[in-house]
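**Student:**
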């Protein structure tokens, strides 16, 4: 966070026209077991220090855009892997959630280039994923604001184990807590 803050200060002081920030899908970590569509208007809910730090960097970027005239585009990067040649599939960490936010190397580079080249953007926090069928990350705003065009995409491949784990985690993180909140307020 300190490095990003220093970067924004130096960029503004030196007349840099744009900062493209590598933000993260962890901004919406609390939505993992929900059915929410994830876009720039979805309330953030980081669940770890990494997600909190990325939210800080986004909010600081918005401040520098508003008060210092710096153009800031924050890309909420999906799931890229250094293993398996970054190919999607059931081997990916985090099961369905990880697969649905897969980002190919080609789409990562295309998104970065689109963010650098975009015209007339003061501030934006945008999803950067490949065009994966069935994903909840909305990339239509990314297309509209910076002209991003995903070239790749892959539907999640669910094994029985991944499906069972996802169902159990959803049950214990969403369904049961909601039941108690509804029927036993203050539990």
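Residue numbers (this note's numbering): 13 to 199.
Every residue, glycine too, gets a C-beta built ideally from N, C-alpha and C.
Name the DSSP beta bridge partners of residue 86, please?
**Tutor:** The residue labelled residue 86 in the question sits at position 74 within the chain shown. According to DSSP, residue 86 bridges with 33 and 137.
**Student:** Of all the alpha helix (DSSP H) runs that stay within the bounds of the segment 31-80, which reach a length of 4 or more residues?
**Tutor:** Listed in chain order, the complete alpha helix (DSSP H) runs (minimum 4 residues) inside the segment 31-80 are 61-80.
**Student:** So, at 8 Å on beta carbons, what are the nonlocal neighbours of residue 83 in its own chain, with the 5 sequence-adjacent residues on each side left out?
**Tutor:** Taking the chain shown and counting its residues from 1, one reaches residue 83 at position 71. Cβ within range, chain order: 29, 30, 31, 77, 133, 134 and 135.
**Student:** Taking the alpha-carbon positions, what's the residue 109 to residue 146 distance?
**Tutor:** Locating residue 109 in the chain shown gives position 97, counting from the first residue. Locating residue 146 in the chain shown gives position 134, counting from the first residue. Approximately 11 Å between the Cα atoms of the pair.
**Student:** For a test of the three-state rule: what should DSSP assign to residue 91, helix, strand or coil?
**Tutor:** Along the chain shown, one-based indexing puts residue 91 at 79. Strand, per DSSP.
**Student:** If we count the other Cβ atoms within 10 Å of its Cβ and call it buried at 16 or more, is residue 128 buried or exposed?
**Tutor:** Here residue 128 corresponds to residue number 116 of the chain shown, with the count starting at 1. Result: exposed.
**Student:** How is the alpha helix (DSSP H) around residue 109 delimited, first residue to last?
**Tutor:** Here residue 109 refers to the residue found at position 97 of the chain shown. That run of the alpha helix (DSSP H) goes 107-112.
**Student:** Taking the alpha-carbon of residue 18 as reference, which of 154, 72, 144 and 155 has the nearest alpha-carbon?
**Tutor:** Counting from 1 along the chain shown, the entry for residue 18 is found at position 6. The option with the nearest alpha carbon to residue 18 is 72.
**Student:** Given a cut-off of 8 Å on the beta-carbon distance, is the pair residue 67 and residue 58 in contact?
**Tutor:** For the purposes of this step, residue 67 is identified with residue 55 of the chain shown, where counting begins at 1. For the purposes of this step, residue 58 is identified with residue 46 of the chain shown, where counting begins at 1. Contact: yes.
**Student:** Do residue 122 and residue 161 come within 8 Å of each other at the CB atom, strictly closer than that value?
**Tutor:** In the chain shown, counting from the first residue as 1, residue 161 sits at position 149. In the chain shown, counting from the first residue as 1, residue 122 sits at position 110. Taking 8 Å as the Cβ cut-off, residue 161 and residue 122 qualify as a contacting pair.
**Student:** Would you decide whether residue 111 is buried or exposed? Buried here means 16 or more other CB atoms lie within 10 Å of its CB.
**Tutor:** Here residue 111 refers to the residue found at position 99 when the chain shown is read from its first residue. With 16 or more Cβ atoms within 10 Å of its Cβ, residue 111 is classed as buried.
**Student:** My parser needs the beta strand (DSSP E) runs of 3 or more residues fully inside the segment 114-169; what are they?
**Tutor:** For the segment 114-169, whole beta strand (DSSP E) runs of length 3 or above, ordered along the chain, are 135-140.
**Student:** Determine the direct distance from the alpha carbon of residue 53 to that of residue 20, and round the result to whole angstroms.
**Tutor:** In the chain shown, residue 20 corresponds to position 8, counting from 1. In the chain shown, residue 53 corresponds to position 41, counting from 1. If you take the alpha carbons of residue 20 and residue 53, they lie about 23 Å apart.
**Student:** So residue 171 is in the alpha helix (DSSP H); what residue range does that whole segment cover?
**Tutor:** Position 159 of the chain shown, counting from 1, holds the residue named residue 171. Where residue 171 is concerned, there is no enclosing alpha helix (DSSP H), given that its DSSP letter is neither H nor E.
**Student:** Could you give the distance in angstroms between the alpha-carbon of residue 55 and the alpha-carbon of residue 101?
**Tutor:** Counting from one through the chain shown, the residue named residue 55 turns up at place 43. Counting from one through the chain shown, the residue named residue 101 turns up at place 89. Spanning the two alpha carbons is a distance of roughly 29 Å.
**Student:** Out of curiosity, what's the CA-to-CA distance linking residue 118 and residue 164?
**Tutor:** Working through the chain shown from its first residue, we reach residue 118 at position 106. Working through the chain shown from its first residue, we reach residue 164 at position 152. Taking the straight line joining both Cα atoms gives about 8 Å.
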